[in-house]
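Each protein sequence line maps, in turn, to chains X and E. Each step along the first sequence adds one to the number in this note's numbering, with nothing skipped, and position 446 is 446. Here this note's numbering = 1-based position in the second sequence + 1000.
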Amino acid sequence: MRKRIVSLWFPRLATDRILRERGPELGERPLAAVVESGNRILLSGVTLAAEQEGLSPGMTLADARAVAAQLATVPADPRADAALLSRLARWAGRYTPIVARDGADGLFLDVGGCAHLFGGEAAMLADMTDRLDRLGFAVSAALADTPGAAWALARHGRHGGIAPPGGTARALEKLPVGALRLDREIAAGLAHLGLRRIGDLYGLPRGTLAARFGQETVLRLDRALGHAEEPLEAARVSGPLRTRISFAEPVAARSDIDAALAWLLDELCGRLEGLGRGARRLELACHRVDGTAQMLAIGTARPLRDAAALARLFRDRLEGVDPGFGIEAMILTAPVSELLSPAQETLGARRDTQESASALIDRLGNRFGFGRVRRVAMVDSHLPDRAWRPVSPVEMLETVDAPPLPAMPLRPARLFARPEPVAAEAGREDGPPAAFRWRGRRHAVCAAEGPERIAAEWWRDDPAWHDGARDYWRVEDEAGRRYWLCRAGRPPQWRLHGLFG
Amino acid sequence: MTRWKGRESLESLRATVARIERGAAPPSGVLPVGVAAIDAALEEGGLRVGALHEIAGPAADGFAAVLAGRLAARGGGTVLWCTAGQGRGALHPPGLAMLGLAPARLLLVRCRNRVDLLAAAEEGLRTAGLAAVVMETARPPDMAAARRLQLAAEAGGATGVLLCPGADRRRGANAPGAMAPDSGVDRHRPALPGRPRTIPLGGRVGERAAAGSTKVEHTPDFLPPSPAVSRWHADHAPGGGGVRWRLALLRCRGGGSGQWKVDWDEKTHRLAMVPTAGD
């Protein structure tokens, strides 16, 4: 495929953006975007009206005010300009899939093989400039065999223009050497020698040209003429992960909404698959005929692109949707997505149980809140209240190959957050109590095992352990129930910390 | 009109009816409890997997942890443990590990209320590949809710364990004359409205229970109806020094009942009958 490159140049991108944001009537008076540079304020972009007054980018504000006293200024925002250029690059995707950004104010489009879809190159270029003009952008467009030539024609040609295939050298010969994207100094140096036009360089011996003005000059010339390859770095255009469905007639039935959601999810999952990603969060907006929108959101514990599983997560949320007089459009967005390798979709039987557990976590988390679903992480601490901590299941999906637990002293199956005081009847000295009263009932101690001394972790300041080390006893009452009693403090206090299963 | 003759015909008719009743339930396995005497009493030689079981009594959570641990170790997979409220103290996974339930297998869900708990449990039971779902409720769910859980377990294949530590299902436990020593644990549970039985005070029923007899102490009319495949009462038993339970199988689909005293060995993770001589 022969390359044909369009160069789009937006000479007034910064001010066009401001006019688009604040209304075109602002452009009737001279307006400039200004940027502070050192202790001067420079114009970075000017509107057409300002240009007609004789202003140009690069002037100081003081000079500009001297020329046009009624000049209005707006601070420049290069980041917003760059974002706008990215949006324009996405827009240009309507002509060709290969779109590259060119500096801060231009685009390259490789339209080789695309032009006939728009009625030929001239028609396509006219269509582009028409549409951009209607959108409020000043634009200069040119078409040539190489990016260098298109760039030169867009910026220095008379009203852009088209260089026919193979006609690059001819199209460029009248243009100034500055159109070769050369440094200002080199261009000035060439002009100083009388080499003002690109055509003047054609006949020169390349060796001397390179020796005198650097390899770069020769390379630029070769690239413009197509003797050297200049690859385009096509921006990977991936719009937001969003799908939309509009209904000819507003829908209200739950079955219709379900069907529409299934369709949206299918679309979105197809796109996610193409990108090798999975959604972590999905947002569904149901736009009603009365102009209001209802938003639903779901989250997942791991990247997911299984339409059926995602539909299940939405199932409960959809109950809350009030269609009112009908829903006319639904938009599904995946604001958060993560890489999901295709390998994960081929599951062994072993993987299956994990997969089902994480699907369960998703459903429970979306229904009751992810904060209520917890896995257990063991902590290397001898304090019973710090022996484990609840962790988000998102952090800890792998459960199958947990290492065997180290041998531990016996621990109760239930633990009170803070040990409950009991009234103890004294037993042997330093031994367990003979009986204790807990929650209003007396328990005679029939058997006891202990003590197990547990000391506070001195490197941590834990208010629960301020009364020092505790002596723990496992005691059994007359009914065979086992309790975990501890004695601590001065004078010693008995407290009940847990119940054995 | 076909005349059904003989035992085979009757069996096949029963199988057909069962299939119609529950759709084509996949053949699911059986989990031996690990004590020969208990497994013999259970008609299928163990607890049915992919079904609902109910455990009442003060030691219910311990026995449930043992069963869930065995289920998880058997087929791999996660144990979903649903709780609502923490009146009995929070679960302590290291303690559950002593009962054979590995903490890494646990997935805890803290539910706001009973309705959420039943919904979470149903979600879990419907999830294929989950080992067990343990539900901690103050009072057992009503028949309709329990039936839902049972159907969910059949559909998903996970085993449901319904814990009602407060409920004492044994005969006479709530009779006015039965002066059972209170467990203390449940004493502060408020009486629930709309329920004629007072909230039972768990604990021993006099000395009859301590006799270690294998005679079952209940009559079927006393048990409130439940679709659970097997229904247990687990209480602590004195002596032994370690974990000792008195397990009563109150009812089991297909017949079978009994009462046993078992010891849990925290090192080998096995249940064993307490020798009668040492009783």
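Glycine included, every Cβ here is placed at the ideal spot set by N, Cα and C. Note that this is a predicted model, so its numbers are computed, not measured.
- Query: At what residues does the beta strand (DSSP E) containing T333 (chain X) begin and finish?
  - Reply: 327–339
- Query: Using a Cβ cut-off of 8 Å, which residues of the region 1106–1124 of chain E contact any Cβ in chain X, in chain order?
  - Reply: L1106, L1107, L1108, V1109, R1110, C1111, R1112, D1116, A1119, A1120, E1123, G1124
- Task: Measure the alpha-carbon distance for A1145 (chain E) versus R254 (chain X) and round it to whole angstroms.
- Result: 25 Å
- Neighbourhood of P303 (chain X) by C-beta distance below 8 Å, restricted to the same chain and skipping five residues each side: R277, G278, A279, R280, S337, E338, L339, L340
- Does the region 1038–1057 of chain E come close enough to the region 1232–1245 of chain E to have 3 or more Cβ pairs within less than 8 Å? yes
- Item | Neighbour flag for M1135 (chain E) against chain X, beta carbons, 7 Å | no
- Message: By the 8 Å beta-carbon criterion, what residues does the region 445–473 of chain X contribute toward chain E?
- Response: C446, A447, E449
- Query: In whole angstroms, what separates the C-alpha of R196 (chain X) from that of R220 (chain X)?
  - Reply: 16 Å
- Message: Can you check whether the C-beta of R389 (chain X) is within less than 7 Å of a C-beta belonging to chain E?
- Response: no
- Which chain E residues are close to E478 (chain X), counting only those with a beta carbon under 7 Å from its beta carbon? P1238
- Item | Proximal residues to R244 (chain X) (C-beta, below 8 Å), its chain only, five neighbours per side dropped | L264, A329, M330, I331, L332
- For P433 (chain X), which residues of its own chain have a beta-carbon under 7 Å away from its beta-carbon, when the five flanking residues on both sides are left out? A424, E425, A426, G427, V445, W494
- Task: Could you tell me whether the Cβ atoms of L364 (chain X) and V1109 (chain E) are closer together than 7 Å?
- Result: yes
- Query: Ordered along the chain, which non-local residues of its own chain (more than five positions away) have a Cβ less than 6 Å from that of E124 (chain X)?
  - Reply: Before going on, a small fix: residue 124 (chain X) reads as Met here, not Glu. So the list reads A115, F118, once near-sequence residues are dropped.
- Curious, which full-length alpha helix (DSSP H) runs of at least 4 residues does the region 211–294 of chain X contain? 215–225, 254–275
- Item | Beta-carbon separation (whole angstroms), L1067 (chain E) vs V1133 (chain E), contact threshold 8 Å | Actually they are not in contact, since the Cβ atoms of L1067 (chain E) and V1133 (chain E) sit about 11 Å apart, beyond 8 Å.
- G1046 (chain E) versus A1040 (chain E) - alpha carbon distance: 8 Å
- Of all Cβ atoms in chain X, is any one closer than 7 Å to the Cβ of M1143 (chain E)? no
- Message: Using beta carbons (cut-off 7 Å, strictly below), is M330 (chain X) in contact with chain E?
- Response: no
- Query: Quick one: is K1261 (chain E) buried, meaning 16 or more other Cβ sit within 10 Å of its Cβ, or exposed?
  - Reply: buried
- Mind checking if A76 (chain X) is an interface residue toward chain E, Cβ cutoff 7 Å exclusive? no
- Message: Against chain E, does R4 (chain X) count as a neighbour if the rule is that its beta carbon must be under 7 Å from one of theirs?
- Response: no
- Query: What residues from chain X crowd round E1266 (chain E), counting only those whose CB sits closer than 8 Å?
  - Reply: L410
- Task: Less than 8 Å between the CB atoms is what I'm expecting for L1117 (chain E) and M1135 (chain E), so what's the real figure, rounded?
- Result: 6 Å
- Message: Need the endpoints of the alpha helix (DSSP H) that G199 (chain X) sits in, please.
- Response: 199–202
- Task: Measure the beta-carbon distance from A149 (chain X) to A122 (chain X) and round it to whole angstroms, keeping in mind my assumption that it falls under 8 Å.
- Result: Not confirmed; about 17 Å, so no contact.
- Task: Could you name each continuous beta strand (DSSP E) segment of 3 residues or more that falls completely within the region 1023–1059 of chain E, going from the start of the chain to the end?
- Result: 1052–1056
- Message: Considering only DSSP beta bridges, list what G106 (chain X) is partnered with.
- Response: X:W9, X:D102
- Message: Beta-carbon within less than 7 Å of T60 (chain X)'s beta-carbon, same chain only, minus the 5 sequence neighbours each way: which residues are those?
- Response: R40, I41, L42
- Is G270 (chain X) buried or exposed, if buried means 16 or more other CB atoms sit within 10 Å of its CB? exposed
- Under 8 Å (Cβ pairs) to chain E, residues found in the region 356–373 of chain X: S356, A357, A359, L360, I361, R363, L364, R367, F368, R372, V373
- Message: Quick check on this structure: which residue in X:R411, X:P451, X:Y483 has the alpha carbon closest to the alpha carbon of D430 (chain X)?
- Response: X:P451
- Message: Report the CB separation of L1042 (chain E) from S1226 (chain E) in whole angstroms; it is logged as a contact under 8 Å.
- Response: With 8 Å as the limit, L1042 (chain E) and S1226 (chain E) do not qualify as a contact, their Cβ atoms being about 17 Å apart.
- From R481 (chain X) to P1238 (chain E), what distance separates their C-alpha atoms? 7 Å
- Query: Within the chosen definition, does the region 70–87 of chain X reach the region 20–36 of chain X through at least 3 CB pairs nearer than 8 Å?
  - Reply: yes
- Query: Would you call K3 (chain X) buried or exposed, if buried means 16 or more other Cβ atoms sit within 10 Å of its Cβ?
  - Reply: buried
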